Amino acid sequence: MNAKTHEANDHVSLKTWICVAGVLLGCFMAVLDIIVTNSSLRDIAGTLSASSDEISWVPTAYLVAEIVVISLTSWLSAAFSLKRYLLVNSILFIVFSVCCGQTHSLSLMILFRVLQGFTGGVLIPLSFDVILTYLPPSKRAIGMAMFTITATFAPALGPLLGGWLTDNYGWPFIFYINVIPGALLIAAVWFTMDMQPMHLGLLKRGDWWGILTMAIGLAAFEIVLEDGNRKDWFGDPGIVKLAWTAAVFIPAFILIELREREPLVDLRLFARRNFGLGSIVNLALGMGLYGTVFILPVYLGAVHGYDATQIGEVIIFMGLPQLVVIPFIPKLMKVIDARVIIGIGILLFGGSAFFDIHLDSNFAGPQFYIPLIVRAVGQPLIMTPLSAITTAGMAEGRESGAASSLFNMMRNIGGSIGIAGLSTLLSVRERFHSERIGESVTIYSGALRERLVQSTDYFTSQGSDTYSANMRAIRAAGSAVQRQAFLLAYGDCFLILGCVLLASGMALVFMKKTRLSGPVGGH
Numbered sequence: 004m005n006a007k008t009h010e011a012n013d014h015v016s017l018k019t020w021i022c023v024a025g026v027l028l029g030c031f032m033a034v035l036d037i038i039v040t041n042s043s044l045r046d047i048a049g050t051l052s053a054s055s056d057e058i059s060w061v062p063t064a065y066l067v068a069e070i071v072v073i074s075l076t077s078w079l080s081a082a083f084s085l086k087r088y089l090l091v092n093s094i095l096f097i098v099f100s101v102c103c104g105q106t107h108s109l110s111l112m113i114l115f116r117v118l119q120g121f122t123g124g125v126l127i128p129l130s131f132d133v134i135l136t137y138l139p140p141s142k143r144a145i146g147m148a149m150f151t152i153t154a155t156f157a158p159a160l161g162p163l164l165g166g167w168l169t170d171n172y173g174w175p176f177i178f179y180i181n182v183i184p185g186a187l188l189i190a191a192v193w194f195t196m197d198m199q200p201m202h203l204g205l206l207k208r209g210d211w212w213g214i215l216t217m218a219i220g221l222a223a224f225e226i227v228l229e230d231g232n233r234k235d236w237f238g239d240p241g242i243v244k245l246a247w248t249a250a251v252f253i254p255a256f257i258l259i260e261l262r263e264r265e266p267l268v269d270l271r272l273f274a275r276r277n278f279g280l281g282s283i284v285n286l287a288l289g290m291g292l293y294g295t296v297f298i299l300p301v302y303l304g305a306v307h308g309y310d311a312t313q314i315g316e317v318i319i320f321m322g323l324p325q326l327v328v329i330p331f332i333p334k335l336m337k338v339i340d341a342r343v344i345i346g347i348g349i350l351l352f353g354g355s356a357f358f359d360i361h362l363d364s365n366f367a368g369p370q371f372y373i374p375l376i377v378r379a380v381g382q383p384l385i386m387t388p389l390s391a392i393t394t395a396g397m398a399e400g401r402e403s404g405a406a407s408s409l410f411n412m413m414r415n416i417g418g419s420i421g422i423a424g425l426s427t428l429l430s431v432r433e434r435f436h437s438e439r440i441g442e443s444v445t446i447y448s449g450a451l452r453e454r455l456v457q458s459t460d461y462f463t464s465q466g467s468d469t470y471s472a473n474m475r476a477i478r479a480a481g482s483a484v485q486r487q488a489f490l491l492a493y494g495d496c497f498l499i500l501g502c503v504l505l506a507s508g509m510a511l512v513f514m515k516k517t518r519l520s521g522p523v524g525g526h
């Protein structure tokens, strides 16, 4: 199959659609593996005899490796050829997934998760690149809609699938599930894509200083985001060193890339109005997408005692409605300005967060269904047209590859910022609300004294002596204060999330209208 065969007309063969579906299946697995371990960390920690801080490296290692390799993908796929690079990484992704399920050592688990991230991360931008390369402009909206399913439905499915597999078969199966889809991916690539020549000379002319500074800078930045809140941020010497490392190497990387004639990552693409502004929206989308999948399970588990499967059954409402909406988006894009569709999506996605700001002890899973459905309708309205409008006019080959890498990297970085920011905000606001509530809950409060008397009488009737009953009543009052502080803090998190998403919509005002149905520049 040759990408050039589609330049003269809009016909797309079944062979091409099989290729697109195959690489998108690989993308789905790679995104799923970011989230799927979250429901199983307690079980994995028990098997590997790891502490809660140590086991946090299982998702962190994968995400850091994935973000770093996304930036390298365009260059390496050009050097080794798209088909070879896809096949090798797909095979290795399956191998390392099985290794993760087989290991009984934390150090080996982290190593295999890094290798799994390096190989799985390749599948995300390359699936996007295949859509831009093999589909004609008139069909790309359909391809982008299919890509949206992988990028937004996988995080919603991850907690449910991970929890269900862990509860019924054991945590190793959250890694073994990659085998069958991986085999289908390999078969699709092997039989549908033509083998292109390698250009190994690109390795000799490689932007090695850019690679070094990017890998060190991004890795340090991601680890600071992932571990900062658990380690008291800049109160921890290790976090301080990593922060300084990121502060030195990331600017160095940017300067190197702007000076290079053939940069590893073409940061000049951000100068294109639609791509630069679209990347801002994409960053906010990543914060909202991964931030929601992070904060909601924490809330349901901590406040309502939901287990992994129950949490997954709630979050799936953020995914299933998308399957109904996504098929209609390419048709909408033919008759409605893409910027308008994105704006409606931002209003729905951002606005849905405001449903969740007034939480109380009765606000549990069923109360989240409507906000999650609204959110699920909004997500694909943002992502599908945003992908199309930001990449319109990109030339095939190196430029489209660089665009796909940058676009996907921005969403993942946004996800990391969202998770770290919400984790920190939750801690800060919980302390703030505890102090404010504590100021009004004093021994001089008539309501508190009345409640303590009632509680003491209750515990006494249950067999406790007077002193023990009084102590239990005081602890119960303290727990009630802490619970209320947590509810208010979670509400603050949803409020900030909604405000960030709505604010990103301002970028749409400055974006240019783009014609998406016909030929675009570079084709």
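For what it's worth, our numbering labels the leading residue of the sequence shown as 4, then goes sequentially. Glycine included, each C-beta is placed from N, C-alpha and C at the ideal position. All values derive from a computational prediction rather than experimental measurement.
Backbone secondary structure at Thr295 - three-state DSSP: helix
Would the beta-carbon of Ile314 fall within 8 Å of that of Ser42? Cβ distance < 8 Å, so Ile314 and Ser42 count as in contact.
Contact check, Ala33 vs Ile127, beta carbons under 8 Å: yes
Where the alpha helix (DSSP H) through Glu316 begins and ends: Ala311 to Ile318
Pairs of beta-carbons, one from the stretch 282-293 and one from the stretch 406-421, closer than 8 Å: are there three or more? yes
So for Ile339, helix, strand or coil by DSSP? The answer is coil: DSSP assigns Ile339 none of H, G, I, E or B.
When Gly124, Ser100 and Val71 are compared against Leu89, the one with the closest alpha-carbon: Residue Gly124 is the option with its Cα nearest to Leu89.
Taking 6 Å as the limit between beta carbons, can you name the residues of its chain near Leu384, skipping five residues before and five after? Ile344, Ile347 and Gly348
Indicate the three-state DSSP secondary structure (helix, strand or coil) for Arg432 in the structure shown. In the structure shown, Arg432 sits in a helix (DSSP, three-state: H, G or I).
With a 10 Å radius around its C-beta and 16 neighbouring C-beta atoms as the bar for buried, classify Arg116 as buried or exposed. Buried, by the Cβ-count rule.
Can you list, in chain order, the residues of its chain with a C-beta nearer than 6 Å to that of Asp359? Leave out the 5 residues immediately preceding and following it. Pro374 and Phe497
Counting C-beta neighbours from all protein chains within 10 Å, is the total for Gln105 16 or more, i.e. buried, or is it exposed? With fewer than 16 other Cβ atoms within 10 Å, it is exposed.
Is it a yes or a no for the stretch 227-241 touching the stretch 205-217, going by three-plus beta-carbon pairs under 8 Å? no
Residue range of the unbroken alpha helix (DSSP H) whose run includes Asn41: It is not in any alpha helix (DSSP H) - Asn41 carries neither H nor E in the DSSP assignment.
Pop quiz: Ala379 and Gly322 are said to be a contact at Cβ under 8 Å. What is the actual Cβ separation, rounded to whole angstroms? About 6 Å; that satisfies the 8 Å criterion.
Can you list, in chain order, the residues of its chain whose CB lies under 7 Å from that of Pro200, leaving out five sequence neighbours each side? Ser84
In terms of alpha-carbon separation, which member of Val71, Cys102, Val296 and Thr394 lies closest to Tyr179? Relative to the Cα of Tyr179, the nearest Cα in the group Val71, Cys102, Val296 and Thr394 belongs to Cys102.
Output needed for Thr151: all residues of its chain with C-beta closer than 7 Å, excluding positions within five of it in sequence on either side, in chain order. Ile329, Pro383, Met386 and Thr387
Per the contact definition of three or more C-beta pairs closer than 8 Å, is the stretch 267-274 in contact with the stretch 238-255? no
Gln487 versus Lys516, Leu500 and Asn365, residue with shortest Cα-Cα distance: Asn365
So what does DSSP say about Arg208, is it helix, strand or coil? coil
How would you label Met514, buried or exposed, when you count the other beta carbons within 10 angstroms and need 16 or more for buried? buried
Does DSSP classify Ile180 as helix, strand or coil? coil
Distance, Leu17 Cα to Phe527 Cα: Residue 527 lies beyond the stretch modelled for the chain, which goes from 4 to 526, so this question has no answer here.
Considering only C-alpha positions, which residue in the set Gly508, Ile47 and Tyr309 is nearest to Trp174? Ile47
Expressed to the nearest angstrom, what Euclidean distance is found between the alpha-carbon atoms of Met147 and Leu27? Those two C-alpha atoms are separated by around 10 Å.
How long is the line joining the alpha carbons of Val91 and Leu118, rounded to whole angstroms? 13 Å
According to DSSP, is Ser84 helix, strand or coil? coil
C-alpha distance - Asn415 paired with Pro300, whole-angstrom precision: 19 Å
Beta-carbon proximity of Met112 to Val39, cut-off 8 Å: no
Would you mind sorting Ser93 into buried or exposed? The rule is 16 or more other CB atoms within 10 Å of its CB. buried
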